[in-house]
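Enquirer:
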Amino acid sequence: MSDNFVGGHLALDFLNTVGDTDKSRTDNRLTSPDDLLSWLAASGNAGEHVGQAHPTQYDVDALVNFREATYLVLSAYTGRQTVAPEHLQTFEDYTKAALQRAELNLSSAPSPWKATGGTASYYLDSFVLLVEDLLRSPEIGKLRQCERCSWFFLNAGRGRGRRWCNMSTCGNRHKVAAHRQRRQTNVAGG
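Laid out in structure tokens, this is it:
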């Protein structure tokens, strides 16, 4: 499970709740309310949500839709591409709606926006505001996407730094593939 928390920010770990080995994002790991609660517990963030209603399937579906909308925006951003206007508009709509319902938490500095407890959109708003917080932080300049899969991470290294979300998974797969390619080239070359 710890291999699933490699993003360097909880918002990125949330965006990485897919289990792919390429860029397909077909293996959704948030399919039920129990999956969401398990992920929150594994992330160490379950305490933030104590006292809230148990998430519903609607909450999970809304989170997955937001996750994929955000993926499209951040994937274009990390690839230095122009974000499609419709993708940006969808992301902005989520963010604006969450901010309209949010409360400013003045008990800490900096003062983040927090989802209003007890609302029907509490879980969605919590994650939208988490992503919004990352986008306003200086850390956003370190945002990278794995060269092998669709996961995001913060690159704390100098220069180019990390290329893969996790060396033991994607980094190792890359090395194995490169080794096979070299062997095939050597065998073909004689």
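Residue 263 in this note's numbering sits at position 66 of the sequence shown, and the numbers go up by one each step. By construction, the Cβ of each residue, glycine as well, lies at the ideal position given by its N, Cα and C atoms. Fair warning: this is a prediction, and the values are worked out from it, not measured in the lab.
Count the other C-beta atoms from every protein chain shown that fall within 10 angstroms of the C-beta of N363, then say buried if there are 16 or more, exposed otherwise.
Expert: Label assigned to N363: buried.
Enquirer: Could you check if N213 is buried or exposed, using at least 16 other CB atoms within 10 Å of its CB as the buried criterion?
Expert: It is buried - the Cβ of N213 has at least 16 other Cβ atoms within 10 Å.
Enquirer: Return the CA-CA distance between E265 and S347, expressed in angstroms with no decimal places.
Expert: So the alpha carbons of these two residues sit roughly 11 Å apart.
Enquirer: Can you tell me which of A239, T366 and W310 puts its alpha carbon nearest to the alpha carbon of F144?
Expert: Residue 144 is absent from the structure shown; the chain starts at 198 and stops at 387.
Enquirer: Starting from the C-beta of L285, find all residues in its chain whose C-beta is less than 7 Å away, skip the five residues before and the five after it, and write them out in chain order.
Expert: Correct list, in chain order: V270.
Enquirer: Please tell me whether E329 and L351 are closer than 8 Å, where the distance is taken between their beta carbons.
Expert: Taking 8 Å as the Cβ cut-off, E329 and L351 do not qualify as a contacting pair.
Enquirer: Residues bridged to W310 by DSSP?
Expert: DSSP, once it has assigned bridges, lists L301 as partnering W310.
Enquirer: What does DSSP give as the partner residue(s) for F350 in the beta ladder?
Expert: Note: F350 sits in a beta bridge opposite R341.
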